[in-house]
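Protein chains: 2
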Amino acid sequence: MSITVVGSVAYDTVTTSFGRSERQLGGSAIYFSLAASKFTKTFPVGVYGNDFKQSDLELLERNSIDISNLRKEDGLTFFWEGLYDNDDINNRQTLATDLNVFENFVPTLNKPAQNSEVIFLANINPELQFDVLGIAKNTNRHSFVGLDTMDLWINSAEKSLKKVITKSDVIMIDQSEARLLSGENNLKNAGRKIMNLGAKCVVIKKGEHGVLIFINDHEYALPGYLTNDVKDPTGAGDSFAGSFFGFLDKCASYESKDIFHASIFGTIIASYTVENFGVKSLLLIDGEMIYKRYLDYMNLIGYKYIYSENKFKDYLNL
Amino acid sequence: MSITVVGSVAYDTVTTSFGRSERQLGGSAIYFSLAASKFTKTFPVGVYGNDFKQSDLELLERNSIDISNLRKEDGLTFFWEGLYDNDDINNRQTLATDLNVFENFVPTLNKPAQNSEVIFLANINPELQFDVLGIAKNTNRHSFVGLDTMDLWINSAEKSLKKVITKSDVIMIDQSEARLLSGENNLKNAGRKIMNLGAKCVVIKKGEHGVLIFINDHEYALPGYLTNDVKDPTGAGDSFAGSFFGFLDKCASYESKDIFHASIFGTIIASYTVENFGVKSLLLIDGEMIYKRYLDYMNLIGYKYIYSENKFKDYLNL
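Line by line, the protein sequences are chains A and B.
If you count the first sequence from 1, position 190 lands on 871 in this note's numbering, and the numbers rise without skipping.
If you count the second sequence from 1, position 211 lands on 892 in this note's numbering, and the numbers rise without skipping.
In structure tokens:
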């Protein structure tokens, strides 16, 4: 069992009210892989430049990530700089986006990466996402495909994006993008409309407010984990996706109940990610810590009360 | 068992993308009482004017609401007019607030209302809220006190408000007001800080994103019910509060598990309220409908999956 993820490899400079972290390891493929590696083998597909540190490659390998599909190109690694609002960490400003070697990125997958049971197309040009599905030989037949996107592609490449959605099993999208893509403000309607584009499952990410999951004719809602130290929200969405698909690959089943539980793991691991700058938390957490927070999360959503009480009818004189 | 609620009696003119409803019955004491009346006897305490319709008084009585503490004053009933944004129903503009007879409202409670086990102080001047607690003879000894407030009082009467909070068991507050009152943007920190003001329980209302509940050393989070027809959000918060305290009064117990379940009923009944203009839904729903939506809500939060699966440790190699 393994996952192939196609996305960015980056250095990020991030400033929040908790401080400033310069040129920290980042990018969607990196956050995704480190989160997924808690559950399964991961093949990130991406490109980095001459400035990419050997120690960062080693760090990935130490976390059981197969780096054979990360290609070095002449130039600099993708660089992003962001400033999160002091008063509202949900607001951020992009100060720099230097695509560098990522600008002409053409994904290539070696044999093992082509054969992964799960393919995740992180937020890149939908045309490239479509090409990757053509390369991965299991696609459309045996593999399970996840998709992320952003407002840029919804606005500039809607047709290509819709083509990729028809080939996808799960689309992960944040609430404002779901509204933009569907033209619906109400999130239930938005989720249903995106389902109608051809995805089998839609996960709408609402940041601190959790996620909505649409699958078949059902919806599920999970609140976010309550943490008091949000130091750096960068990579939360990719950590969510990495744990989500990592869990699905590990349990080798994609039914509603699996997707529901995958969302719980996504929520838990993303909550760890934001408690530290960059990938720091992802490197620290182990199975024990994930399980501990899983129990905390179960308490947060009141599972023990739901279990023990089943006498609602009495209260309604039914 | 009974509840006394002190708040407004109003006529509201509301415009949303679903239409316009003129001079519909409204006000916090009305929404609260109609919701609470699904569970228990309710004494609204308030004032109305010469224009208040006899048929509206009869409507309340038909719903087992005791109207003996609603006083008629010479003048017009409190009138509010609001316009909800076409694109985002969570945004609203107040077009008119005519306090009328509500301007000099001095709550008076008859004996039965003074003896209620539950007292809810809807969103009025904190000084009046404090006076009501002085009148209700069980207060501080035997009764259970709930409190609502708004940004106006946080900004203009913070000291009085904090005095009332120390006398309250539950404070219900929306997320932006919780941030304002606590000076904390992070809602976990905000909830904890408000607990430190002396309330035994804090419920932070997040509209479509559900609620956070702080009680003792624990937090609980419940997502909102997913509805696709939000026709008129007016009264959602007061319906939530009415069902919440109605349920608590009915089960005559105020432990964490009761407050958790009260929040589920609050969520369910508020979700019905917003599906129609004004109090229309509150008049229509019965125990069967509440129970049906309770089951839907349980499915939404995935209780059957949480019940049936307890093998998370396997996935983490623990």
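All residues carry an ideal CB built from backbone N, CA and C; glycine is no exception.
List the endpoints of the continuous alpha helix (DSSP H) containing Gly827(B). As a position in the second sequence, residue 827(B) is number 146, starting the count at 1. Careful: Gly827(B) lies outside any alpha helix (DSSP H), inside the beta strand (DSSP E) at 825-829.
What's the gap between the Cα of Pro904(A) and the Cα of Asp855(A)? Position 223 of the first sequence, counted from the start, is the residue given in the question as residue 904(A). Position 174 of the first sequence, counted from the start, is the residue given in the question as residue 855(A). Distance between the alpha carbons of Pro904(A) and Asp855(A) is about 14 Å.
Which residue wins for smallest C-alpha separation from Thr847(B), given the options Thr723(B), Gln810(B), Thr697(B), Leu757(B)? Walking along the second sequence from the start, residue 847(B) turns up at place 166. Ranking Thr723(B), Gln810(B), Thr697(B), Leu757(B) by Cα distance to Thr847(B) puts Gln810(B) first.
When you compare the CB of Thr908(B) with every CB in chain A, is at least one pair closer than 8 Å? Taking the second sequence and counting its residues from 1, one reaches residue 908(B) at position 227. For Thr908(B), the answer is yes, since a Cβ of chain A falls inside 8 Å of its Cβ.
Is the separation between the beta-carbon of Val892(B) and that of Leu802(B) shorter than 8 Å? Here the question's residue 892(B) lines up with position 211 in the second sequence. Here the question's residue 802(B) lines up with position 121 in the second sequence. Their beta carbons are not under 8 Å apart, which means Val892(B) does not touch Leu802(B) by this criterion.
So, under 8 Å CB-CB, Tyr984(B) and Ile987(A) are touching, yes? Tell me the CB distance rounded to an integer number of Å. Against the second sequence, residue 984(B) aligns to sequence position 303. Against the first sequence, residue 987(A) aligns to sequence position 306. Rounded, the Cβ-Cβ distance is 5 Å, consistent with contact.
Residue range of the unbroken alpha helix (DSSP H) whose run includes Met638(A): Absent from the structure is residue 638(A), since the part of chain A shown begins at 682 and ends at 999.
Could one say the Cβ of Asp1009(B) lies closer than 8 Å to chain A's Cβ atoms, at least one of them? Not covered by the structure: residue 1009(B). The range shown for chain B is 682 to 999.
Spatial neighbours of Tyr935(A) within its chain, please: CB distance less than 8 Å, with the 5 preceding and 5 following residues excluded, ordered by chain position. For the purposes of this step, residue 935(A) is identified with residue 254 of the first sequence, where counting begins at 1. Same-chain partners within the cutoff: Phe825, Asp850, Leu929.
Among Leu828(B), Gly864(B), Glu900(B), Val782(B), which has the Cα closest to the Cα of Lys938(B)? To locate residue 938(B), count along the second sequence from 1; it is residue 257. For the residues Leu828(B), Gly864(B), Glu900(B), Val782(B), the minimum Cα distance to Lys938(B) belongs to Glu900(B).
What's the C-alpha gap between Lys753(B) and Asp829(A)? Along the second sequence, read from residue 1 onward, the residue named residue 753(B) stands at position 72. Along the first sequence, read from residue 1 onward, the residue named residue 829(A) stands at position 148. For Lys753(B) and Asp829(A), the distance between alpha carbons rounds to 59 Å.
So, for Ser952(A): in the same chain, excluding its five sequence neighbours on each side, which residues have a beta-carbon less than 6 Å away from its beta-carbon? By 1-based counting over the first sequence, the position of residue 952(A) is 271. The answer, listed in chain order, is Tyr906, Thr908.
Within 10 Å of its beta-carbon, does Ala777(A) have 16 or more other beta-carbons around it, so buried, or fewer, so exposed? The residue you call residue 777(A) lines up with position 96 of the first sequence. Its Cβ having fewer than 16 others within 10 Å, Ala777(A) is exposed.
If you drop the 5 nearest sequence neighbours on each side, which residues of the same chain put their C-beta closer than 8 Å to that of Pro807(A)? Residue mapping note: residue 807(A) aligns to position 126 of the first sequence, counting from 1. So the list reads Thr830, Trp834, Ala838, Ser841, Leu842, Lys844, Val845, once near-sequence residues are dropped.
Beta carbon of Val728(A), beta carbon of Val813(A): below 8 Å? Residue 728(A) sits at position 47 when you count from the first residue of the first sequence. Residue 813(A) sits at position 132 when you count from the first residue of the first sequence. Contact: no.
Rounded separation between Ser962(B) and Glu956(B) - CA only: Along the second sequence, one-based indexing puts residue 962(B) at 281. Along the second sequence, one-based indexing puts residue 956(B) at 275. Computed Cα separation, rounded: 7 Å.
Suppose the cutoff is 6 Å on Cβ atoms and the five residues either side in sequence are ignored; what does the same chain contact list for Trp761(B) look like? If you number the second sequence from 1, residue 761(B) lands on position 80. Ala691, Asp693, Thr778.
Between Tyr972(B) and Thr948(B), which are expected to be in contact by the criterion C-beta below 8 Å, what is the C-beta distance as a whole number of angstroms? Position 291 of the second sequence, counted from the start, is the residue given in the question as residue 972(B). Position 267 of the second sequence, counted from the start, is the residue given in the question as residue 948(B). Not a contact, Cβ separation roughly 14 Å.
Cβ closer than 8 Å: which chain A residues qualify as neighbours of Asp769(B)? Here residue 769(B) corresponds to residue number 88 of the second sequence, with the count starting at 1. Simply Asn866.
Chain B residues whose Cβ lies nearer than 7 Å to that of Glu956(A): For the purposes of this step, residue 956(A) is taken as residue 275 along the first sequence, with counting starting at 1. Per Cβ cutoff of 7 Å: no residues; Glu956(A) is ~12 Å from chain B at best.
Ile945(B) lies in the alpha helix (DSSP H); which residues open and close that run? Looking up residue 945(B) in the second sequence gives position 264. Where Ile945(B) is concerned, the enclosing alpha helix (DSSP H) stretches over 937-954.
With distances taken Cα to Cα, identify the nearest neighbour of Gly959(B) among Thr721(B), Glu742(B), Asp737(B), Asn731(B). For the purposes of this step, residue 959(B) is identified with residue 278 of the second sequence, where counting begins at 1. Cα-wise, what sits closest to Gly959(B) is Asp737(B).
To the nearest whole angstrom, what separates the beta carbons of Ser920(B) and Ala710(B), a pair I think is in contact under 8 Å? Here residue 920(B) refers to the residue found at position 239 when the second sequence is read from its first residue. Here residue 710(B) refers to the residue found at position 29 when the second sequence is read from its first residue. With a Cβ gap of about 12 Å, Ser920(B) and Ala710(B) do not count as contacting.
Looking at the unbroken beta strand (DSSP E) that takes in Tyr765(A), where does it start and where does it end? On the first sequence, residue 765(A) is found 84 positions in, with the first residue counted as 1. Residues 759-765.
Selected residue, minimal CA-CA separation from Gln795(A), among Leu780(A), Glu739(A), Pro725(A): On the first sequence, residue 795(A) is found 114 positions in, with the first residue counted as 1. Residue Pro725(A) is the option with its Cα nearest to Gln795(A).
Using a cut-off of 7 Å between C-beta atoms, extract the partners of Leu903(B) located in chain A. For the purposes of this step, residue 903(B) is taken as residue 222 along the second sequence, with counting starting at 1. What Leu903(B) touches in chain A: Pro904.
Could you compute how far the alpha carbon of His942(B) sits from the alpha carbon of Asn870(B)? One-based indexing of the second sequence puts residue 942(B) at position 261. One-based indexing of the second sequence puts residue 870(B) at position 189. Near 23 Å, if we compare the C-alpha coordinates of Asn870(B) and His942(B).
When we look at the beta-carbon of Lys722(B) and count the other beta-carbons within 10 Å, is it buried (16 or more) or exposed? Numbered from 1 along the second sequence, position 41 holds the residue referred to as residue 722(B). By the neighbour-count rule (16 or more Cβ atoms within 10 Å), Lys722(B) is buried.
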